[in-house]
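The number in our numbering is simply the position in the sequence shown, starting from 1, with 1 added. Ideal placement from N, C-alpha and C gives every residue a C-beta, glycine not left out. As structure tokens, the structure follows; a few thoughts come after it.
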Amino acid sequence: MLLGAAALASLSGGMPSVANALEQENRIGGRMDVPHHEPKAKRVIFLFQSGGPAQMELFDYKPDLRNRMGEEVPRSVYPDDRKTTMSSAQASFPVAPSPFRFSQQGQSGIWVSEVLPHTARMIDELCVIKSLHTDAINHDPAITFQQTGSQVPGRPSLGAWLSYGLGTFNADLPAFVALSSKGSAKTGQPLYDRLWGSGFLPSQHQGVKFRNVGESVLDITNPPGVSRDLRGDLLADLSRLNSLRHADTRHPEIIQRIAQYELAFRMQMSVPELLDFSGEPNHIVELYGQDCLSQGKYAYNCLLARRLAERGVRFIQLFHQGWDAHNNCPTQVRRQCADTDRATAALLNDLKQRGMLDETLVVWGGEFGRTTYSQGDISHEGYGRDHHPGCFTMWMAGGGVRRGCAIGATDDYSVNVVENPVSVHDLHATMLWLLGIDHLQLTYRFQGRDFRLTDVAGNVLNELCA
Numbered sequence: 002m003l004l005g006a007a008a009l010a011s012l013s014g015g016m017p018s019v020a021n022a023l024e025q026e027n028r029i030g031g032r033m034d035v036p037h038h039e040p041k042a043k044r045v046i047f048l049f050q051s052g053g054p055a056q057m058e059l060f061d062y063k064p065d066l067r068n069r070m071g072e073e074v075p076r077s078v079y080p081d082d083r084k085t086t087m088s089s090a091q092a093s094f095p096v097a098p099s100p101f102r103f104s105q106q107g108q109s110g111i112w113v114s115e116v117l118p119h120t121a122r123m124i125d126e127l128c129v130i131k132s133l134h135t136d137a138i139n140h141d142p143a144i145t146f147q148q149t150g151s152q153v154p155g156r157p158s159l160g161a162w163l164s165y166g167l168g169t170f171n172a173d174l175p176a177f178v179a180l181s182s183k184g185s186a187k188t189g190q191p192l193y194d195r196l197w198g199s200g201f202l203p204s205q206h207q208g209v210k211f212r213n214v215g216e217s218v219l220d221i222t223n224p225p226g227v228s229r230d231l232r233g234d235l236l237a238d239l240s241r242l243n244s245l246r247h248a249d250t251r252h253p254e255i256i257q258r259i260a261q262y263e264l265a266f267r268m269q270m271s272v273p274e275l276l277d278f279s280g281e282p283n284h285i286v287e288l289y290g291q292d293c294l295s296q297g298k299y300a301y302n303c304l305l306a307r308r309l310a311e312r313g314v315r316f317i318q319l320f321h322q323g324w325d326a327h328n329n330c331p332t333q334v335r336r337q338c339a340d341t342d343r344a345t346a347a348l349l350n351d352l353k354q355r356g357m358l359d360e361t362l363v364v365w366g367g368e369f370g371r372t373t374y375s376q377g378d379i380s381h382e383g384y385g386r387d388h389h390p391g392c393f394t395m396w397m398a399g400g401g402v403r404r405g406c407a408i409g410a411t412d413d414y415s416v417n418v419v420e421n422p423v424s425v426h427d428l429h430a431t432m433l434w435l436l437g438i439d440h441l442q443l444t445y446r447f448q449g450r451d452f453r454l455t456d457v458a459g460n461v462l463n464e465l466c467a
């Protein structure tokens with residue numbers, strides 16, 4: 002792996018600067034020419050809200066819509082060709098204003114919905130981006146786009162790119178871990194392994210999924226009658242055989258497999274310690290809520306994310322399902338926020354108290370937004386919302402991010418971006434920049450083309466960076 006990184010560095014002509022020497026000295030793996038500049042953050046925790054949270058219910062406050070309830074959304078604002086087939090055949094597209102109260106929070110005065118009381122108390126740590134937009138209108142291409150920079154399956158995921166470029170800080174744990182939880186609102190969209198896959202990058206960079214039921218990581222415990230010493234001997238013999246095979250074929254994937262077997266062996270010791278929450282003090286359990294002690298809950302994964310970050314994991318991806326509110330939207334949003342709000346704020350607070358927030362990039366958001374019109378019949382509590390790619394809200398906090406700010410704006414209906422449009426590629430370019438990576442330079446040659454996470458687009462959001 003070090004040999005490959007050195008070769009890449011010589012090919013690119015890149016050499017690490019003095020300012021980045023400490024980052025490279027302490028890490029394991031990664032490309033020798035990365036980081037390209039001094040990083041603001043060392044790691045990422047991505048709190049992905051799968052299903053598409055409704056922006057106007059949470060952060061995109063539109064008080065004037067209360068006076069327009071039931072009115073038709075003008076076709077000049079929302080043309081028919083931008084609606085999905087799930088609602089485009091409706092005879093009417095009535096405005097469905099949010100029933101939730103909003104208030105300005107913190108010194109920043111950012112508007113936050115009443116269903117996010119805990120996040121509201123941390124608002125001065127956040128940079129809220131209200132002007133995201135995406136090209137995809139259905140879940141799978143939109144989620145795949147958010148996670149890989151492409152709607153077409155098969156590309157490396159964001160965490161795999163970071164593992165490839167930056168390596169990790171702990172040889173006993175994966176550089177990239179994926180966690181998932183299901184909301185209490187409804188069954189979520191399926192999550193495919195490719196969302197944390199390595200694509201055409203070496204397979205060593207794929208994420209390791211920690212399961213939300215049963216044994217967290219499969220196949221790392223010894224079967225009955227097999228001791229750790231015996232398993233170590235078997236692994237050594239297998240590595241020797243694989244090395245002989247590699248000498249004959251020179252197939253690079255053989256080396257990757259050896260590395261993965263060795264990591265799994267080391268995880269036999271590191272994972273049980275990682276998952277032992279018994280040492281967490283009572284005030285931490287109270288901060289996150291009792292759900293943090295229940296495997297598979299969002300709060301559990303947030304606390305686990307902090308423990309992974311403490312132990313040097315580079316990229317921690319949380320997926321929380323259940324935001325797809327095609328009907329009964331207010332009730333579903335309340336339930337989703339009850340699942341996630343406290344633990345999200347607790348994670349930020351916990352990182353801050355430990356002095357880790359300044360070097361941890363925390364990202365929150367989903368794959369798209371939701372329609373301002375009602376899907377189906379409308380009432381104050383009974384409306385649904387369809388998919389809406391034209392605008393949605395995300396936020397960032399932590400390493401290198403401006404605190405207490407809001408970027409971008411939408412029109413009076415929360416349908417179109419009218420100020421500072423931000424694409425998914427822009428989001429990715431900015432995340433990479435905060436980690437010390439120029440998104441134009443982190444490339445991998447595959448089938449004759451130099452691929453990158455941001456494809457042929459993407460601009461860093463300078464107004465977001467501190």
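Using only the alpha-carbon positions, how far apart do residue i and residue j sit?
i, j, result
"residue 355", "residue 283", "16 Å"
"residue 439", "residue 455", "11 Å"
"residue 372", "residue 57", "9 Å"
"residue 423", "residue 410", "10 Å"
"residue 129", "residue 152", "25 Å"
"residue 318", "residue 375", "32 Å"
"residue 324", "residue 182", "12 Å"
"residue 279", "residue 285", "11 Å"
"residue 6", "residue 194", "Any reading at residue 6 needs caution, since the residue's pLDDT is 34, under 50, leaving its predicted position unreliable; the model's value is listed next. The alpha-carbon atoms of residue 6 and residue 194 are separated by roughly 26 Å."
"residue 42", "residue 466", "11 Å"
"residue 48", "residue 103", "23 Å"
"residue 212", "residue 341", "19 Å"
"residue 167", "residue 32", "6 Å"
"residue 40", "residue 379", "49 Å"
"residue 217", "residue 132", "37 Å"
"residue 147", "residue 231", "43 Å"
"residue 112", "residue 27", "41 Å"
"residue 34", "residue 348", "32 Å"
"residue 101", "residue 60", "11 Å"
"residue 352", "residue 119", "15 Å"
Give me the residue from the options with the minimum Cα distance to residue i.
i, options, result
"residue 108", "455, 408, 115 and 125", "125"
"residue 463", "443, 448, 435 and 450", "435"
"residue 428", "445, 402 and 72", "402"
"residue 336", "140, 197 and 321", "321"
"residue 269", "53, 233 and 254", "233"
"residue 391", "366, 278, 275 and 418", "418"
"residue 99", "385, 404 and 394", "385"
"residue 145", "367, 430 and 173", "367"
"residue 121", "362, 350 and 329", "350"
"residue 30", "68, 66 and 206", "206"
"residue 85", "133, 137 and 253", "137"
"residue 68", "87, 460 and 97", "97"
"residue 160", "315, 425 and 219", "315"
"residue 362", "287, 330, 307 and 377", "307"
"residue 393", "259, 421 and 377", "421"
"residue 223", "134, 267, 293 and 297", "267"
Within a Cβ cutoff of 6 Å, which residues of the same chain sit near residue i, ignoring the five residues on either side of it in sequence?
i, result
"residue 344", "289, 299, 300 and 303"
"residue 433", "440"
"residue 209", "175 and 178"
"residue 38", "437"
"residue 149", "156 and 158"
To which residues of the same chain is residue i closer than 7 Å at the C-beta, ignoring the five residues directly before and after it?
i, result
"residue 444", "451, 452 and 453"
"residue 162", "443 and 454"
"residue 89", "81"
"residue 73", "93, 94 and 95"
"residue 406", "109 and 128"
Exposed or buried, which one is residue i when buried takes at least 16 other CB atoms within 10 Å?
i, result
"residue 389", "buried"
"residue 215", "exposed"
"residue 448", "exposed"
"residue 169", "buried"
"residue 237", "exposed"
"residue 387", "buried"
"residue 399", "buried"
"residue 92", "exposed"
"residue 200", "buried"
"residue 446", "exposed"
From the DSSP output, which residues share a beta bridge with residue i?
i, result
"residue 169", "29"
"residue 114", "103"
"residue 389", "370"
"residue 451", "446"
"residue 44", "361"
"residue 398", "127 and 363"
"residue 321", "50 and 182"
"residue 73", "95"
"residue 210", "179"
Return the chain-ordered list of same chain residues with a C-beta closer than 8 Å to the C-beta of residue i, the five sequence neighbours on each side being excluded.
i, result
"residue 87", "327, 376, 387 and 388"
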